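Presented below is the structure to which this report refers.
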Amino acid sequence: MRIVSVDPIYLKMPSITTAADGTQDTLLVRIRTDEGIEGWGECDASPLVSLSVYCCPMSHGNIINIRESLIGERIDGPEDVRRLRARVLRQGLDIQQIHHAYSGADIAAWDVVGKKLARPVYQLIGGAKQYPKLPYASVLFGNSPQETIQVARGLKERGFGAMKFGWGPLGSKDAAFDEALVRSAREGIGNEAELMIDAGVCWGNDVEKVLERAKTFAKYRVTWLEEPLHPDAIGRYGELARRRPAVPIAAGENCGTARTAEDYLENGGLSFIQIDAGRIGGITPARITCEQAQKRGVTYVNHTFKSRLSLAAALHVFADAEKFKYLEYPAAGSRLAFDLVKGLERDAKGMVSLPEKPGLGVEVNIDVVREFMVPVRVELSGLTVFESERL
């Protein structure tokens, strides 16, 4: 079968705030074929920047947009998905956002092929069996320790066995305030649940401060301290690892290519590498990183703070990897994110598994897409270069 359309679709909430909440807007990608099969993917990036990579006019042979590279191409099996990725990256060699933007199309392509072959994506990229994952509720810190403890108690009441608090005011004041936030999170979730802390790059390149905070946070039995340094400070992460911080370190969510992720694995000294399939280029490169992490003894974890569509894509990457047990599971965010796709709920044991259905195994609610869709038209000298598909 052949690809007949590639549709980037911009969705957003009516109002956007400065909160570190990636669910306020998004870019979906829909791929349709001449056999009537359609697949869906989602990018975790600035939506209009990514959309431009799908429609920018050709500058020369190394700047050809994603839609031009894909429309008319055959897509019948896994090797076609990999071939098409290579084609897009080669023809968009000088488009600096190409890997990031292609995430949505790669995910959608796997969804198409899974539906064509009547198999879940995880079986097409890995093993025949999936293993349930422990979802950790992923939320932002409250604006104060008092707000944080209330958020934590609410998550405990919802029955989560692991919870992660991040960003918000962490790192904005002094060490005592940071400790109060973490202490409140631990107090609110109780002694049994696992606690993860996401520093949200708040200490920049300051390895000493990270070591100090890790020592302080260790008393609260923290599973990991996430992204304490800037994303490009991979050498500093290596230094941090050599100095043996008091809690394990996690990072990698900002990896925009598989090579960057490999750099983290080779030089960052991480205990956990966190990869976002909506940022790194899709399921294909995320799986490459997952396999590399397995070989190096680093625990692979998804990064997901979008809709359940992104969550499904993320889970397919490592569903068959038994020893990788943690699943970032957004527990707060906009109605757009929670209503776009349903499913992937926790089972009676509090675990999450993929539905044994073809492709990604989840269905996009087209009514929600229509509700939040923002039409886009790009003109150049009066000529329409791109106009959103009517849904």
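The opening residue of the sequence shown carries number 3 in my numbering; numbering runs sequentially from there.
Heads up, the beta-carbon is just placed ideally off N, CA and C, and yes, glycines get one too.
On a predicted model such as this, the values are computed, not experimentally measured, just so you know.
- Here I285 is buried, its C-beta having at least 16 other C-beta atoms within 10 Å.
- The three-state reading of DSSP puts A235 in coil, since its state is none of H, G, I, E or B.
- Nearest in C-alpha terms to F162, of all of G116, G24, R87 and Y331, is Y331.
- When only Cα atoms are considered, V376 and L29 end up about 10 angstroms apart.
- When secondary structure is reduced to three states using DSSP, W169 falls in the coil class, being assigned neither helix nor strand.
- S52: member of the alpha helix (DSSP H) spanning P49 to C57, first to last residue.
- Closest by C-alpha distance to L136, out of L342, I277 and K325, is K325.
- Spanning the alpha carbons of A47 and V6 requires a straight line of approximately 25 angstroms.
- In this structure, the beta-carbon distance from L183 to P134 does not fall below 8 angstroms.
- In its chain, beyond the 5 residues on either side, L197, I199 and V249 have a beta carbon closer than 6 angstroms to the beta carbon of V224.
- Annotation for V203: E229 and H232 place their beta carbon closer than 6 angstroms to its own, counting only its chain and skipping 5 residues before and after.
- Under the 10 Å beta carbon count, A288 is surrounded by 16 or more other beta carbons and is classified as buried.
- For the pair A103 and S52, the CB atoms are nearer than the 8 angstroms cut-off.
- Looking at the DSSP output, N304 sits in a beta bridge with I277.
- At the C-beta level, V83 and V55 stay beyond 8 angstroms of one another.
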